[in-house]
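Participant: The listed protein sequences derive, respectively, from chains A, B, C and D.
Using this note's numbering, you'd call the opening residue of the first sequence number 153 and step up by one each time.
Using this note's numbering, you'd call the opening residue of the second sequence number 371 and step up by one each time.
Using this note's numbering, you'd call the opening residue of the third sequence number 299 and step up by one each time.
Using this note's numbering, you'd call the opening residue of the fourth sequence number 544 and step up by one each time.
Even for Gly, the Cβ is constructed at its ideal location relative to N, Cα and C.
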Amino acid sequence: MISFLILMSIVVCFSAILALALNFQWGQGGMVNFGLTGFYALGAYAAALLMLKAGANTFFAALGAMAVVGVVCGLVALITLRVTEEDYFAIVTLGVGEMLRLLALNEDWLTKGALGLAGIPRPFGDSIAPDQYQYFLLGLSLALLFGTYAFLRLVTRSPFGRLVRAVREDDVVAATLGKNVLWARVRIFAIGGAIIGLAGSMHSIYYQYIDPTQFTNIVIAYAFMAVIAGGRGAHLGTILGAGVVMVLLEGSRFLKDAIPRLDSDQLSAIRIIIIGVGLIALLIWKPKGFFQEYRLKA
Amino acid sequence: MQKNRRHVIKSIGAAAASAIGAPYLNLAHAQGASIPIGVALPMTGNAGAYGPDMAEAAKRTAAKINAAGGVLGRKLELFIEDSESSAAVAANLSQKFINVHKAQALVGYWGTPEGMSSRPIAIQNKTVLMVSSAANAITEGDTQGYVWRFQMKATDWGIVISRATIDKLGFKSVGVMGLQNAFVLPIMKVFEEKMKAAGRTVVDSLIYNPEQPSYRAEVERVFGKKPDAVFCFGLLPDFVSIMKEVYRGGFDSKVVALSIMADAEGKFVQAVGPQVAEGIRHFQPMPDLAAPGYKRFLQLMGAPADRVYLFPPNTHDQLAIAALAMEKAKSPVAADWHKEIIAVGNGPGPQVDDIAEALKLVKAGKPVNFQGAGSTCDFTPNGDQIGRGMGQWIIKGGKSVFVEYAKP
Amino acid sequence: MSANVLSVTGLHAGYGAGDILKGIDVALPQGRIVTVIGPNGSGKSTFVKTLAGLLPARQGRIELEGAALNDLSPPRRVRAGLAYVPQEYNVFRNLTVLENLKIACEFMGRGRRMDDEVVSLFPELNAFHGKKAGNLSGGQRQMLAFACALTVRPKVLMLDEPSAGLSPLLMSELFDRVKKVNSLGVSVLMIEQNAVEALRISDTCIVLAGGRVRACAPAGEVLGMKELNSLYLGDTSLDEKAQRVDA
Amino acid sequence: MLQTFFNGIVTGVIMTLPALSVTLLFGVLKFPNFAVGAMMTVAAYLAFALNAQLGWPLLAAAPAAAVLMGILCIGIDQVTFKPLRERGGITLMVASLGLGFILENVARFAYGNSARGFVMELARPFRFADVRMNHEQMITLSAGTAAMLILWFLLNKTPTGRAMRAVADNPALALARGIESPRVIRWTWFITGILLGLGGVLIGMDRALEPPMGSNYLISVFAAAILGGLGSPLGAFVGALLIGVVSELSTLVIPPNYRIGVPLVAIAIILVFRPQGLFGQPYIRK
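#1: Name the chain B residues whose beta carbon is nearer than 8 angstroms to that of Phe156/A?
#2: Hey, how far is the Cα of Ile169/A from the Cα of Arg339/A?
#3: Find the residues of chain B that neighbour Gln360/A, judging by a C-beta separation of less than 7 angstroms, and give them in chain order.
#4: So, does the CB of Tyr760/D fall closer than 8 angstroms to a CB anywhere in chain A?
#5: According to DSSP, is Ile250/C helix, strand or coil?
#6: Spell out whether any CB of chain D is found under 8 angstroms from the CB atom of Tyr197/A.
#7: What is the rounded straight-line gap between the Cα of Gly619/B and the Cα of Ile372/A?
#8: Starting from Gly207/A, follow the beta strand (DSSP E) in both directions and report where the run begins and ends.
#9: Does DSSP classify Leu304/C as helix, strand or coil?
#10: Determine which residues share a DSSP beta bridge with Phe601/B and list them.
#11: Leaving out the 5 sequence neighbours to the left and right, which residues in its chain are closer than 8 angstroms to Leu380/C when beta-carbon positions are compared?
#12: Going by beta carbon distance, what residues of the same chain come within less than 8 angstroms of Ser155/A, once the five residues before and after it are set aside?
#13: Can you confirm whether Asp673/D, when its beta carbon is compared against all beta carbons of chain B, has any partner nearer than 8 angstroms?
#14: Quick one: is Ile335/C near chain D, going by C-beta distance under 8 angstroms?
#15: Can you check whether the C-beta of Thr559/D is within less than 8 angstroms of a C-beta belonging to chain B?
#16: Would you please verify whether the beta carbon of Glu791/D is less than 8 angstroms from any beta carbon of chain B?
#17: List the residues that DSSP assigns as beta-bridge partners of Pro516/C.
#18: Ala270/A CB to nearest chain B CB: under 8 angstroms?
#19: Apart from the five residues on each side of it in sequence, which residues of its chain come closer than 7 angstroms, Cβ to Cβ, to Leu568/D?
#20: How would you list, in chain order, the residues of chain B whose beta-carbon sits under 8 angstroms from the beta-carbon of Gly265/A?
#21: Which residue from Ala171/A, Ile424/A, Ser161/A and Leu435/A puts its Cα closest to that of Gly291/A?
#22: Taking the alpha helix (DSSP H) that Gly747/D belongs to, which residues open and close that run?
#23: Using a C-beta to C-beta distance shorter than 7 angstroms, which residues of chain B count as neighbours of Asp239/A?
#24: Note down the Cα distance separating Glu723/D from Gly580/D, rounded to an integer number of angstroms.
#25: At 4 residues or longer, what runs of the alpha helix (DSSP H) sit wholly inside the segment 667-719 of chain B?
#26: Determine the DSSP secondary structure at Glu451/B, reduced to helix, strand or coil.
#27: Rounded to whole angstroms, what's the CA-CA distance from Ile619/D to Arg512/C? Just pull it up for me.
#28: The beta strand (DSSP E) with Asp458/C in it runs from where to where?
#29: Taking the DSSP output, what are the residues bridged to Thr394/C?
#30: Using a Cβ-Cβ cutoff of less than 8 angstroms, which residues in the same chain neighbour Tyr462/C once the five nearest sequence positions on both sides are dropped?
#31: Kindly indicate if chain C contains any beta-carbon less than 8 angstroms away from that of Asp749/D.
#32: Confirm, please, whether the CB-CB distance from Arg726/D to Met406/C is below 8 angstroms.
#33: From the DSSP output, in three-state form, read off Lys596/B for me.
#34: At the 8 angstroms Cβ level, is Ala419/B part of the contact set with chain D, yes or no?
#35: With 16 as the cutoff for other CB atoms within 10 Å, does Asp414/C come out buried or exposed?
#36: What does the alpha-carbon distance come out to for the pair Thr571/B and Ala599/B?
Shown next as structure tokens:
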């Protein structure tokens, strides 16, 4: 059992990193990202391809993935140079995300299409015994999670962090204060993107096999749930939120034993219904989530 | 430097280890009386229709084996889980089977995504993975003898279908529509090659995505070229939409498909109605219904003599082969018994189609060539199954009528 | 003197934490024109918004002919006879003039037809019935807004800076239009920056500053006051005096 | 070519109904409803229940389902969006995303993943100017156009419709003009539900019923609404037709499995060069 728990906590780790990314883009920067799944897939594929095709080691593959997703996100943010209404932006991200998934599915020459990319190497896979490996992977994931957290914490407390929140609260004001809002938005989305890229690469390293069917909308539902539960803008809250949601998701699998009458089709449906209901309930009754966003004490 | 970092990382791993507890032993007999076997079946998604029967087959087979004294005097214990036809879920399940239940055999794995995502895990943990997936990639490369396919390889599907088309159906010009899907593409490729080689014209060939708003444009493009027949390789949902489009479009090319699309336990005709389904031919790898092994399987399932099971027999054979190999290797550890799979499957030895008898022989140290319910259970060294054939049906009046059975 | 059609007592209201209106008492006698003047930020607009119900009254009482309005939703207040013309965005720009008028009749006047007296007050509108209200000139837009507000034959018409952004010429035309409206028996409560123009047609002038009523006098007298000039130029000297009085 | 064009028109008309609902709702409540897809799915399954399970003819089941959906939408608004009304567009938008997940999976819970179809005679096509047309396409075309005209009449010639446009135009003034916005909002949701109900049935007739049937249209529908200008019904209609025709025609030059790229590119271009869309006014969030 213990090793299953370890594997679960690894999954929680990179899910939490993904949630942190969304929290930065949406929670702090106010830039809704409905294309999360697509960008996540992009990160996973970028990392995998860099390892398999370019023979890069895990470290550089992850960096590469972060760069790729960061750049793509930055470009997407540029589309908003005329409109900063979030609803438009959300639709754009939704579309781009979908497009990325289609690319992964259809560009066989690069992504092997629906067959997926198999045999993704793991860092030090050869130098660490298989039965030890999960511990190493857990350690690594925890380290990366903490690193991401520390980094974002730093950003939040920096002057740029204040600009980020200013842009969220009211981009017009931010603009009149002489801040270049467009540029700020591009940076916000790009930084978030880089973190998504990190989460994506961890996904490929963990599963060692990626194919388009792994990147479904449950990812978005899950991440938004985590962020809202954790309290928009609050990093620590988001991490805990991610943990809780993940446990709920996995836990709900055991519903099967509890209610044998349900077939698994219905169970997976219930799982998503739970998330959706929780999401709306939180929005209504606990809009601030369970944790407070960092605020400069005036 | 490199060494240095490695050292650091290792110590991190060690730290994590000591923090969480002693590493587990990857040995089944550390687990005690029963022999755990992980069974990942599709209860959800595009293959949802097949999961339940496969589960039933697994249960009854295990029961029969246990009733016959089990394996190495120990009972088989099945852990049946839903793969949700999803790669990620299947991977998690495999991890769980191996780490939590200490399983040494992973069986079921209907779809290619499930198989592909679990393959590296199985090989790494030196655990045998038995799949029903068709995509060639499953067994390609170095599997170290841990990955075994209880299904016809996709390219063989293409061979059988094309041969039937050329010899019997005699279509001069064909169009091909394929779902963007791992096991469809190799079928398409081989099929088109064979058709061209036989001097038939392939007027058009396109690949479409699942869950498209509509398939109007695709249908227009392929059927618009008026080939004698259009071969459609995909899954049920897209085929339903496509056929409605074809019928309403007033096209009259013949349509050939796979049974998981055009039959799917009757769901297809339910969805489109008999007049649309009329005249569609569909192919599917299937057991040899005449084989004694299959008849015996029907008894085991308590099913009527005319019942056609596509996949449950594979599940039966997977458990049977695993049991025999363990018995022969006198060890429940995959690293030992995976070497015996070919021995019990291909022979040499007397052909036996009853798992109980086969076990008796092996326990008595005699050789055996097991004849399964889904196939003759003969394998190539890299884990591909040979000796499984394909059935062909044609839909008449809303019913699928059996045409013929052929092997590649 | 005639009964008060609208009377406000001890009104408190505001946004967020602090009150902007700090206890206001105002009485509008039947058939009169009362103009509220005061420096920027004195709470003039907040005052009418609160009366119209767009902002909740935190304390105090708003009565229309003795009936309390406090608990009524804005639409109900309108139907009760308290019409309100906002300072800007006071017509539906994407709707035609005719549609604007129709809406007014259908919802304020409960489907009542627009009576000819009102129509005759705004002859120019007939020419534009098909035109989008958004494309009207500032003056025409004000007229349309008036016309809409009047369809109910309100007991009280509240105007928030009707002359804002109008040329002096239009302004004086606008004010005698207000006078005409008043002559139909509609009492008018008007917020104005251009005090002088406004007071010429008003009966009473109320000076609002710092969220309180600083002065309430016949319009004529106020016109004479020397502070007035400085006042409507936004000088707050009067206000400051008042503050000192408080302290 | 001509055939493809005609097919495009049909696709466009199917998209018109959801596009109208998006744009109508956006006009009044100022948020894009990401649950449109799932709402259509639910409506389609409602019709399926009446048609296939209770044995009603589709012609009766469809309007019934539409009305049911309308009522359902009012209910949904009461429990989901009403409490969030004051929180601004983004919150409402995220809520609608969650709502979409719920609805789609309620359908999945009830009917599973496998494809289903309405009980109706599929008919072979007839030829007109050597373009193949069939009865469903005729039904689709007429239903879509009818809905469009009725909505136009409703919005321009009835008090309720005028009130909706008034609220969309200037909520505060609407109050001051005696318009009870809660009532208007209920009406808006009801009409939205009807539109989505019909849309869902049309999609179900066009292809098969399965849980993702509605959300598959999401991007195209939003593209249509944005192209026409969020808040402008006429725009939604034109936008839907344009997107429909262009994406079908595009398959003559680009691989059909990249059709989704067309609406996407359309959105991008519009946002960069004419954010307010073809028929929309540049709007100020107030």
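Facilitator: Straight from the coordinates:
#1: As a working note, residue 156/A is residue 4 in the first sequence. Within chain B, the residues near Phe156/A are Gln465, Lys466, Asn469 and Val470.
#2: Stepping through the first sequence from its first residue, residue 169/A is reached at position 17. Stepping through the first sequence from its first residue, residue 339/A is reached at position 187. The straight-line gap from Cα to Cα measures roughly 18 angstroms.
#3: One-based indexing of the first sequence puts residue 360/A at position 208. Within 7 angstroms Cβ-Cβ: Pro490.
#4: Sequence index remark: in the fourth sequence, residue 760/D carries index 217 (1-based). With a threshold of 8 angstroms between beta carbons, Tyr760/D makes no contact with chain A.
#5: A question about residue 250/C goes unanswered here, because the residues of chain C that appear run from 299 up to 545.
#6: For the purposes of this step, residue 197/A is taken as residue 45 along the first sequence, with counting starting at 1. Not one chain D Cβ lies under 8 angstroms of Tyr197/A.
#7: Your numbering for residue 619/B matches position 249 in the second sequence. Your numbering for residue 372/A matches position 220 in the first sequence. Our two residues, Gly619/B and Ile372/A, have alpha carbons roughly 38 angstroms apart in a direct line.
#8: As a working note, residue 207/A is residue 55 in the first sequence. Element bounds for Gly207/A: n/a, residue is neither H nor E.
#9: As a working mapping, residue 304/C is identified with position 6 in the third sequence. Here Leu304/C sits in strand by DSSP.
#10: Numbered from 1 along the second sequence, position 231 holds the residue referred to as residue 601/B. Under DSSP, Phe601/B shares a beta bridge with Val546/B and Val626/B.
#11: Taking the third sequence and counting its residues from 1, one reaches residue 380/C at position 82. So the qualifying residues of the chain are Leu304, Leu349, Ala350, Leu362, Leu367, Pro452, Lys453, Val454 and Met456.
#12: Working through the first sequence from its first residue, we reach residue 155/A at position 3. The beta carbon of Ser155/A is closer than 8 angstroms to those of Gln286 in its chain, skipping five residues each way along the sequence.
#13: As a working mapping, residue 673/D is identified with position 130 in the fourth sequence. It does not: the Cβ of Asp673/D has no partner Cβ on chain B nearer than 8 angstroms.
#14: Indexing the third sequence from 1 puts residue 335/C at position 37. Not closer than 8 angstroms to any Cβ of chain D, the Cβ of Ile335/C fails to qualify, so no.
#15: The residue you call residue 559/D lines up with position 16 of the fourth sequence. In terms of beta-carbon proximity, Thr559/D stays away from the interface with chain B, with every pair separated by 8 angstroms or more.
#16: In the fourth sequence, the residue the question calls residue 791/D occupies position 248. Judged by the 8 angstroms Cβ criterion, Glu791/D is in contact with chain B.
#17: Walking along the third sequence from the start, residue 516/C turns up at place 218. DSSP lists Thr502/C as partners of Pro516/C.
#18: Residue mapping note: residue 270/A aligns to position 118 of the first sequence, counting from 1. Judged by the 8 angstroms Cβ criterion, Ala270/A is in contact with chain B.
#19: For the purposes of this step, residue 568/D is taken as the residue at position 25 of the fourth sequence. Apart from the 5 residues on each side of it in sequence, Leu568/D sits with its Cβ closer than 7 angstroms to the Cβ of Asn576, Thr731 and Thr735 in its chain, given in chain order.
#20: Within the first sequence, the letter at position 113 stands for residue 265/A. Contact note: Gly265/A reaches chain B through Gln550, Ala552 and Leu555, using a C-beta cutoff of 8 angstroms and chain order.
#21: As a working mapping, residue 291/A is identified with position 139 in the first sequence. Comparing Cα-Cα distances from Gly291/A to each of Ala171/A, Ile424/A, Ser161/A and Leu435/A, the minimum goes to Ser161/A.
#22: In the fourth sequence, residue 747/D corresponds to position 204, counting from 1. That run of the alpha helix (DSSP H) goes Ser724 to Asp749.
#23: Locating residue 239/A in the first sequence gives position 87, counting from the first residue. Within chain B, no residue comes near Asp239/A; the closest Cβ sits about 22 angstroms away, beyond 7 angstroms.
#24: Within the fourth sequence, residue 723/D is the residue found at index 180, counting from 1. Within the fourth sequence, residue 580/D is the residue found at index 37, counting from 1. Answer to the nearest angstrom: the Cα atoms are 29 angstroms apart.
#25: If you keep only unbroken alpha helix (DSSP H) runs of at least 4 residues inside the segment 667-719 of chain B, you get 682-699, 704-707 and 711-716.
#26: Within the second sequence, numbered from 1, the residue matching residue 451/B stands at position 81. It is a strand residue.
#27: Along the fourth sequence, read from residue 1 onward, the residue named residue 619/D stands at position 76. Along the third sequence, read from residue 1 onward, the residue named residue 512/C stands at position 214. Approximately 51 angstroms, taken between the alpha carbons.
#28: Within the third sequence, residue 458/C is the residue found at index 160, counting from 1. Here the beta strand (DSSP E) through Asp458/C covers Val454 to Asp458.
#29: On the third sequence, position 96 is the one that residue 394/C refers to. Paired residues: Lys430/C.
#30: By 1-based counting over the third sequence, the position of residue 462/C is 164. Looking at the sequence shown, residue 462/C is not Tyr but Ala. Only Gln385, Glu386 and Gln491 meet the Cβ criterion.
#31: Position 206 of the fourth sequence, counting from 1, holds the residue named residue 749/D. No, Asp749/D lies away from the interface with chain C (no Cβ there is under 8 angstroms from its Cβ).
#32: The residue given as residue 406/C occupies position 108 in the third sequence. The residue given as residue 726/D occupies position 183 in the fourth sequence. Against a cut-off of 8 angstroms, the Cβ pair of Arg726/D and Met406/C comes out as no contact.
#33: Position 226 of the second sequence, counted from the start, is the residue given in the question as residue 596/B. Coil.
#34: Here residue 419/B refers to the residue found at position 49 of the second sequence. Proximity of Ala419/B to chain D, defined by a Cβ-Cβ separation below 8 angstroms, is satisfied.
#35: For the purposes of this step, residue 414/C is identified with residue 116 of the third sequence, where counting begins at 1. The residue in question, Asp414/C, is exposed, as its Cβ has fewer than 16 Cβ neighbours within 10 Å.
#36: If you number the second sequence from 1, residue 571/B lands on position 201. If you number the second sequence from 1, residue 599/B lands on position 229. Each residue's alpha carbon lies about 11 angstroms from the other.
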